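Once you know that position 91 of the sequence shown is 91 in UniProt numbering, the rest is easy, because the numbers rise by one and skip nothing.
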Amino acid sequence: DVDPGEAIIKEADLPAIEAKMAELAAKKEILVRQSIAKEDALKKFGERGETYKCELISELEDGHITTYTQGAFTDLCRGPHLTSTAPIKAIKLLSVAGAYWRGQEDRKQMTRIYGITFPKKKMLDEYLVMLEEAKKRDHRKIGKEMDLFMFTDMVGKGLPMWLPKGTALRIRLQDFLRRIQA
């Protein structure tokens with residue numbers, strides 16, 4: 001998740017971000033794992049104005065925390081990570097979405113970027129084909145196309161509201177299951 005400030009990151013921005021990621025990966029930078037005292041981490045990230053990281057650190061138990069540094073960028077993470085960016089050969093950013101900080105709707109809305117990397121382009125290509133095949137079988141898409149059900153916040157987020165064709169199909173399936181289980 002990122003806080004782009006006033007900027008808005010859109011799907012159309014993903015190719016440029018991918019290109020920058022590929023440029024960084026090609027540098028074959030070493031990822032350095034470091035264990036530092038909680039107080040030192042709060043000071044370090046506080047001096048950089050990284051309020052989100054400071055909030056996370058302040059809630060951790062006293063002791064040491066783990067950071068990973070790549071070039072000038074340092075992040076919090078338990079790891080493990082790659083030892084360097086060298087194995088990253090194929091990058092694909094898949095989508096962007098809104099996400100509230102820490103999943104709390106009364107907090108700042110951030111931008112979540114979904115993506116994946118592979119050590120070989122062939123592996124990425126195979127993954128993308130698999131994603132396309134999965135989309136074809138997505139029950140939400142099929143249900144909408146066949147007028148089986150719909151989703152509405154009136155029923156509840158993610159809960160289907162059966163349409164007449166869907167209700168008829170569901171009843172037939174239930175009857176069939178009752179017969180074979182009897």
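Quick reminder that beta carbons are idealized off the backbone N, C-alpha and C, glycines included.
These figures come from a predicted structure and were not determined experimentally.
Q: Say whether the stretch 113-125 touches the stretch 79-92, bearing in mind that this needs 3 or more beta-carbon pairs closer than 8 Å, one atom from each stretch.
A: yes
(Q) Can you look up Gly98 in the DSSP assignment and give me helix, strand or coil? (A) In the sequence shown, counting from the first residue as 1, residue 98 sits at position 98. Strand.
(Q) One question on the structure: do Leu148 and Ile116 come within less than 8 Å of each other, judged by their Cβ atoms? (A) Residue 148 sits at position 148 when you count from the first residue of the sequence shown. Residue 116 sits at position 116 when you count from the first residue of the sequence shown. Against a cut-off of 8 Å, the Cβ pair of Ile116 and Leu148 comes out as no contact.
Q) Is the CB-CB distance between Thr67 and Leu76 below 8 Å? A) On the sequence shown, position 67 is the one that residue 67 refers to. On the sequence shown, position 76 is the one that residue 76 refers to. Yes, they are a contact pair.
Q: Below 8 Å on the Cβ atoms is my guess for Lys44 versus Asp62; work out the distance and round it to an integer in Å.
A: Counting from 1 along the sequence shown, the entry for residue 44 is found at position 44. Counting from 1 along the sequence shown, the entry for residue 62 is found at position 62. At roughly 16 Å, the Cβ-Cβ gap does not stay under 8 Å, so Lys44 and Asp62 are not in contact.
(Q) Rounded to the nearest angstrom, what separates Ile8 and Pro15 at their Cα positions? (A) On the sequence shown, position 8 is the one that residue 8 refers to. On the sequence shown, position 15 is the one that residue 15 refers to. Their Cα atoms are separated by approximately 15 Å.
**Q.** Whole-number beta carbon distance between Leu31 and His81, since they are thought to touch under 8 Å
**A.** Position 81 of the sequence shown holds residue 81. Position 31 of the sequence shown holds residue 31. Their Cβ separation, rounded to whole angstroms, is 5 Å, which keeps His81 and Leu31 in contact under 8 Å.
Q | Cβ-Cβ separation, Ala97 to Arg112 (assumed contact under 8 Å), whole Å | A | Position 112 of the sequence shown, counted from the first residue, corresponds to residue 112. Position 97 of the sequence shown, counted from the first residue, corresponds to residue 97. The Cβ separation is near 5 Å, so the contact holds.
Q. If you drop the 5 nearest sequence neighbours on each side, which residues of the same chain put their C-beta closer than 6 Å to that of Tyr100?
A. Counting from one through the sequence shown, the residue named residue 100 turns up at place 100. So the list reads Arg107 and Gln109, once near-sequence residues are dropped.
Q: Compute the distance between the beta-carbons of Glu18 and Gln70, then report whether it is under 8 Å.
A: The residue given as residue 18 occupies position 18 in the sequence shown. The residue given as residue 70 occupies position 70 in the sequence shown. The answer is no: Cβ separation not under 8 Å.
(Q) According to DSSP, Leu177 sits in a beta bridge with which residue or residues? (A) Against the sequence shown, residue 177 aligns to sequence position 177. According to DSSP, which records beta bridges pairwise, Leu177 is partnered with nothing at all.
Q: Out of Asp3, Asp13 and Leu124, point me to the one whose CA is closest to Tyr52's CA.
A: Numbered from its first residue, the sequence shown carries residue 52 at position 52. Comparing Cα positions, the closest option is Asp3.
Q.
Can you list, in chain order, the residues of its chain with a C-beta nearer than 8 Å to that of Lys141? Leave out the 5 residues immediately preceding and following it.
A. For this step, residue 141 is matched to residue 141 along the sequence shown. Contacts found: Lys135.
Q. What are the complete alpha helix (DSSP H) segments, minimum 4 residues, inside the stretch 77-162?
A. 121-136 and 139-145
Q | Between the CA atoms of Gln174 and Gly158 - distance to the nearest angstrom | A | Locating residue 158 in the sequence shown gives position 158, where the first residue counts as 1. Locating residue 174 in the sequence shown gives position 174, where the first residue counts as 1. Taking the straight line from one Cα to the other gives about 22 Å.
Q | Continuous beta strand (DSSP E) assignments of at least 3 residues falling wholly in the stretch 7-42 | A | 31-37
Q. Can you name the start and end residues of the alpha helix (DSSP H) that Glu55 belongs to?
A. Counting from 1 along the sequence shown, the entry for residue 55 is found at position 55. Start and end: Thr51 to Ser58.
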